[in-house]
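In this note's numbering, the protein residues as written are 45 to 378. Even glycine gets a Cβ: it sits at the ideal position worked out from N, Cα and C.
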Ligand SMILES: NC(=O)c1ccc[n+]([C@@H]2O[C@H](COP(=O)([O-])OP(=O)(O)OC[C@H]3O[C@@H](n4cnc5c(N)ncnc54)[C@H](O)[C@@H]3O)[C@@H](O)[C@H]2O)c1
């Protein structure tokens with residue numbers, strides 16, 4: 045049994061506590077914490093969690109907590125991950141690993157110092173059966189080399205205080221990871237472009253934006269990013285290979301025929317769209333954490349996504365590609 049402490053009891057924190065409690069027999073959430081103590085207390089009551097800690101730091105050092113799940117807001121991830129790694133505890137951190145590549149480097153340095161991977165990053169799309177099948181086909185070589193990816197992320201709304209930069213570090217970070225994973229290569233250069241802005245979406249941040257990337261083998265990727273006011277939560281991905289194309293399947297949906305129309309419902313939120321991926325991701329994390337290993341997306345993957353996110357945010361308004369420069373990959377992550 046893996047005894048887990050969860051920091052951050054908001055939307056995804058509660059979702060993960062629910063699946064750890066009800067779907068994963070080898071996991072037990074023994075402690076939780078939130079910036080708002082009442083939120084943590086309500087969550088503890090809802091899921092029968094024994095202990096509420098006032099701070100994330102207290103939870104991390106609590107002796108009964110063997111592994112940590114970090115689901116607090118983005119700006120808090122890096123310091124909690126560092127504290128957990130310092131204690132030598134396994135940690136699952138929701139994306140992004142940090143808000144800058146510099147902060148990811150500190151986490152990598154700490155793991156390298158201990159010669160032990162302890163961190164898994166919440167890039168759950170790698171566990172989505174659709175993306176996994178795309179990866180299998182690419183790796184099989186059946187369609188030849190991948191040449192291009194056309195991807196899009198359309199979403200309905202964002203919380204207060206959202207910025208153009210968060211469009212990259214908080215939202216597009218999923219695409220930055222999944223395209224890199226599908227292609228199996230790092231990025232060479234990147235830029236973000238502002239396009240004609242949606243009149244429904246004048247909220248003080250760029251929407252839509254287009255992300256352009258070049259892989260180190262010359263592949264090209266375009267990502268349309270509409271973070272708010274889209275017609276639903278719609279994630280698309282097409283990989284163009286030498287001998288054919290592969291498309292991410294849409295989630296299963298009933299086809300309705302009525303009033304001389306044929307229609308299919310669309311989802312509106314991430315929790316439903318990737319529910320299966322989250323279930324598999326956390327079950328795998330628990331299994332591997334019990335065996336003392338990290339088999340999912342590592343700190344290196346969190347770092348790689350943050351490096352290109354930094355480059356994209358620096359490129360805004362420049363209308364040119366900027367180079368993506370990464371540190372040498374430590375042996376630990378090879
Ligand atoms: N993998 C995914 O698809 C996915 C989906 C949703 C959210 N996320 C990530 O999960 C994290 C949480 O997102 P959310 O949608 O649940 O947000 P949320 O705002 O619903 O919840 C965040 C919680 O963190 C708490 N918090 C704030 N500061 C804190 C601190 N210093 N210490 C402890 N708790 C603190 C807040 O009070 C809140 O309860 C974000 O980093 C987000 O990027 C990932």
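Examine ligand 1 and report whether any of its heavy atoms sits within less than 8 angstroms of the Cβ of residue i.
i	result
residue 51	yes
residue 387	Nothing can be reported for residue 387, as the shown portion of the chain is limited to 45 through 378.
residue 201	no
residue 138	yes
residue 116	yes
residue 266	no
residue 79	yes
residue 329	no
residue 340	no
residue 70	no
residue 95	no
residue 207	no
residue 151	no
residue 225	no
residue 312	no
residue 167	yes
residue 99	yes
residue 365	no
residue 54	yes
residue 218	yes
residue 144	no
residue 214	yes
Using 9 angstroms as the threshold, is the C-beta distance between residue i and residue j below it?
i	j	result
residue 221	residue 348	yes
residue 54	residue 76	no
residue 116	residue 182	no
residue 350	residue 144	yes
residue 199	residue 249	no
residue 128	residue 334	no
residue 255	residue 234	yes
residue 68	residue 321	no
residue 194	residue 282	yes
residue 93	residue 73	yes
residue 287	residue 259	no
residue 136	residue 112	yes
residue 202	residue 338	no
residue 213	residue 118	yes
residue 225	residue 341	yes
residue 61	residue 87	yes
residue 46	residue 108	no
residue 306	residue 190	no
residue 251	residue 211	yes
Check each candidate in the options and name the one with the smallest Cα separation from residue i.
i	options	result
residue 272	309, 293, 215	215
residue 172	242, 125, 279	279
residue 299	292, 108, 293, 308	308
residue 357	260, 253, 314	253
residue 97	243, 188, 48	48
residue 167	370, 138, 189	138
residue 63	369, 179, 330	330
residue 261	241, 228, 291, 289	228
residue 223	295, 246, 176	176
residue 377	110, 106, 149, 245	149
residue 142	369, 352, 368	352
Under a CB-based cut-off of 9 angstroms, is residue i close to chain C?
i	result
residue 355	Checking the listed chains, one finds no chain C in this structure; it contains a single protein chain.
Determine the direct distance from the alpha carbon of residue j to that of residue i, and round the result to whole angstroms.
i	j	result
residue 35	residue 102	Nothing in the structure corresponds to residue 35, since the chain is present only between 45 and 378.
residue 126	residue 375	20 angstroms
residue 359	residue 236	6 angstroms
residue 314	residue 362	31 angstroms
residue 263	residue 324	30 angstroms
residue 293	residue 120	34 angstroms
residue 90	residue 303	43 angstroms
residue 19	residue 319	No statement about residue 19 is possible, as the shown extent of the chain runs from 45 to 378 and does not include it.
residue 269	residue 243	15 angstroms
residue 354	residue 147	12 angstroms
residue 257	residue 366	10 angstroms
residue 364	residue 159	39 angstroms
residue 209	residue 346	17 angstroms
residue 239	residue 170	29 angstroms
residue 192	residue 178	13 angstroms
residue 373	residue 343	11 angstroms
residue 130	residue 114	15 angstroms
residue 157	residue 230	24 angstroms
residue 100	residue 154	19 angstroms
residue 124	residue 187	43 angstroms
residue 297	residue 316	12 angstroms
residue 246	residue 197	18 angstroms
residue 185	residue 106	48 angstroms
In the DSSP assignment, what are the bridge partners of residue i?
i	result
residue 367	233
residue 203	Bridge partners of residue 203: none, in fact.
residue 178	None, per the DSSP bridge assignment.
residue 66	The partner list for residue 66 (beta bridge, DSSP) is empty, contrary to what the question assumes.
residue 113	50, 136
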